[in-house]
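Student:
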Amino acid sequence: MEIKTVGVVGCGQMGGGIVEVIAKAGYPVITREINQELLDKGLAHIRKSMDKAVQRGKLSPEDRDAAWSRIYGTLDLADFAQADFVIEAIIERMDLKQAVFGDLSNICPPTTIFASNTSSLNLAEVAATSDRPDRFLGTHFFNPAPVMPLVEIVRALATSDKTLATGQAFVISLGKKPILAKDSPGFVVNRLLIPYLIDAIRVFEHGLASRDDIDKGMKLGAGHPMGPLELCDYIGLDTMLYVADVLYEELGDAWLKAPPLLRRMVAAGYLGRKSGRGFYDYNKS
Ligand SMILES: NC(=O)c1ccc[n+]([C@@H]2O[C@H](COP(=O)([O-])OP(=O)(O)OC[C@H]3O[C@@H](n4cnc5c(N)ncnc54)[C@H](O)[C@@H]3O)[C@@H](O)[C@H]2O)c1
């Protein structure tokens, strides 16, 4: 199936990054936000990211201008009627995602493929309000989307072989590297990564080593580019807690239970880099 136009619902951290990747790959892309202020903010963020790529010599000014001209921002989901492939990247809430796919089912032609960027929700349930569970899959990009090469292609129970193949080919055409995963808690990467990060928090919480030594240990001893506590701050402690709770709820392993310290840090607003404080203090110069 030929994909000519792409839609991305939500222009936040992930949606904006995905829009940038798609526009740079040569596709016209429509993105929708819930109000003008958020749409302007999302588009400005994409423009800034492209400008930075130009400054770093990774993108020519001509290619930036061409990519920028392919992006169309809207508040009206009806504009997605012309999209052949729609990626939903709104906040991680089942009811809101289901509402989007219910609405899109009445707007898009039956041939349009629907994809969700969910990190942790049950994909079969997200797809349940759409009229096309066979043409529905997960495309899980990683943060920041313009930089990270991986996309997990997630097969829900009803996803057809053809949809999966189209999704895979599309992601490759974006210059990304796909891996295949079944619709299961955390897919592949978060299923392996989140338990490790939770354990690092536990090691810190129990005073088995200092914050700096935990991070130094995994960087120097395991060759990781970032220590686990630094990585928790980068991901966002609220996101970490959310995914940990989903893994624990679905898999039931006590080892996956979020450490009390993580829950308290989130309650106190220590969300990591985005709030200025997490395991590290980002307000210090
Ligand atoms: N942050 C990450 O590291 C990461 C990584 C991979 C996947 N994800 C997943 O990507 C999705 C988006 O996460 P994010 O970090 O970009 O969140 P975000 O809060 O930065 O962005 C979500 C955006 O969706 C918008 N939105 C909400 N309802 C909408 C609707 N009905 N129509 C259009 N826009 C709507 C919000 O206004 C917001 O701007 C989530 O499913 C999340 O689990 C996040």
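For the sequence shown, the numbering used here assigns the number 1192 to the initial residue and increments by one for each residue that follows. For every residue, glycine included, the Cβ atom is placed at its ideal position computed from N, Cα and C.
Please confirm whether any heavy atom of ligand 1 lies closer than 6 Å to the CB of Val1220.
Tutor: No, the beta carbon of Val1220 sits no closer than 6 Å to any heavy atom of ligand 1.
Student: The beta strand (DSSP E) spanning Phe1305 covers which residue range?
Tutor: Run containing Phe1305: Ile1304 to Ser1307, per the beta strand (DSSP E) assignment.
Student: Kindly indicate which residue of Gly1427, Ile1194 and Asp1444 has the alpha-carbon position closest to the one of Ile1304.
Tutor: The option with the nearest alpha carbon to Ile1304 is Ile1194.
Student: State the Cα-Cα distance for the pair Ile1389 and Ala1449, rounded to the nearest angstrom.
Tutor: Whole-angstrom Cα-Cα distance: 7 Å.
Student: Of the residues Asp1472, Glu1211 and Leu1422, which one's Cα is nearest the Cα of Pro1386?
Tutor: When each option's Cα is compared against that of Pro1386, the closest is Leu1422.
Student: Mind checking whether the beta-carbon of Gly1203 lies closer than 6 Å to any heavy atom of ligand 1?
Tutor: Indeed, a heavy atom of ligand 1 lies less than 6 Å from the Cβ.
Student: Can you find the residues in the same chain that come closer than 7 Å, C-beta to C-beta, to Ala1216, ignoring five residues on each side of it along the sequence?
Tutor: Contacts found: Ser1364, Leu1365 and Gly1366.
Student: Check this for me: beta carbons of Gly1210 and Ile1237, under 7 Å apart or not?
Tutor: The identity of residue 1210 in the sequence shown is Val, whereas the question assumes Gly. Contact: yes.
Student: Along the chain, where does the alpha helix (DSSP H) that runs through Phe1361 open and close?
Tutor: That run of the alpha helix (DSSP H) goes Asp1352 to Ser1364.
Student: Could you check what DSSP says for Val1379 in three-state terms: helix, strand or coil?
Tutor: It is coil, neither helix nor strand.
Student: With contact counted as at least three CB pairs below 8 Å, one residue from each stretch, are the segment 1218-1229 and the segment 1257-1268 in contact?
Tutor: Judged by Cβ distances under 8 Å, the segment 1218-1229 makes contact with the segment 1257-1268, as three or more pairs qualify.
Student: Tell me the DSSP bridge mates of Gly1463?
Tutor: In DSSP, Gly1463 forms a bridge with Arg1468.
Student: May I ask which residues mark the beginning and end of the alpha helix (DSSP H) holding Tyr1425?
Tutor: Residues Pro1419 to Ile1426.
Student: Restricting to Cα atoms, I'd like to know which of Tyr1473, Met1192 and Ala1214 is closest to Pro1301.
Tutor: Closest by alpha carbon: Met1192.
Student: Pairing CB atoms from the segment 1414-1434 with CB atoms from the segment 1452-1466, are three or more of them under 8 Å?
Tutor: Yes, since at least three Cβ pairs between the segment 1414-1434 and the segment 1452-1466 fall closer than 8 Å, the two stretches touch.
Student: When you compare only the Cα positions, how much space is there between Val1345 and Val1434?
Tutor: C-alpha separation (whole angstroms): 17 Å.
Student: Based on DSSP bridge pairs, tell me the residues matched to Ala1372.
Tutor: Bridge partners of Ala1372: Val1345.
Student: Under the criterion of a Cβ to heavy atom distance below 6 Å, does Ala1280 qualify as lining ligand 1?
Tutor: Yes; taking the cut-off as 6 Å, the Cβ of Ala1280 has a heavy atom of ligand 1 nearer than that.
Student: Taking 6 Å as the cut-off, is the beta-carbon of Asn1474 closer than that to any non-hydrogen atom of ligand 1?
Tutor: Because no heavy atom of ligand 1 lies under 6 Å away, the Cβ of Asn1474 does not count as near it: no.
Student: Taking the C-alpha atoms as reference points, what is the distance between Tyr1218 and Asp1256?
Tutor: Taking the straight line joining both Cα atoms gives about 13 Å.
Student: With a CB to CB cut of under 6 Å and the five nearest residues on each side skipped, what residues in its chain are close to Tyr1473?
Tutor: Around Tyr1473: Arg1464 and Gly1467.
Student: Please classify Gly1217: does DSSP put it in a helix, a strand, or coil?
Tutor: If DSSP states are grouped into helix, strand and coil, Gly1217 belongs with coil.
Student: Taking only runs that begin and end inside the segment 1241-1302, name each unbroken alpha helix (DSSP H) of 4 or more residues, in chain order.
Tutor: The segment 1241-1302 contains these whole alpha helix (DSSP H) runs: 1252-1260 and 1285-1298.
Student: May I ask you to report which of helix, strand or coil DSSP gives Thr1330?
Tutor: Looking at Thr1330 - three-state DSSP - the assignment turns out to be strand.
Student: Could you give the residue range of the beta strand (DSSP E) that holds Val1338?
Tutor: That residue, Val1338, is in no beta strand (DSSP E); it is neither H nor E in DSSP.
Student: For Ala1214, collect the residues of the same chain with a Cβ closer than 6 Å to its Cβ; drop the 5 residues on either side in sequence, then sort them by chain order.
Tutor: Here the set comprises Val1220, Ala1258, Arg1261 and Ile1262.
Student: Measuring alpha carbon to alpha carbon, tell me which of Met1456, Pro1376 and Thr1196 ends up nearest Asp1436.
Tutor: Here the closest residue by C-alpha is Pro1376.
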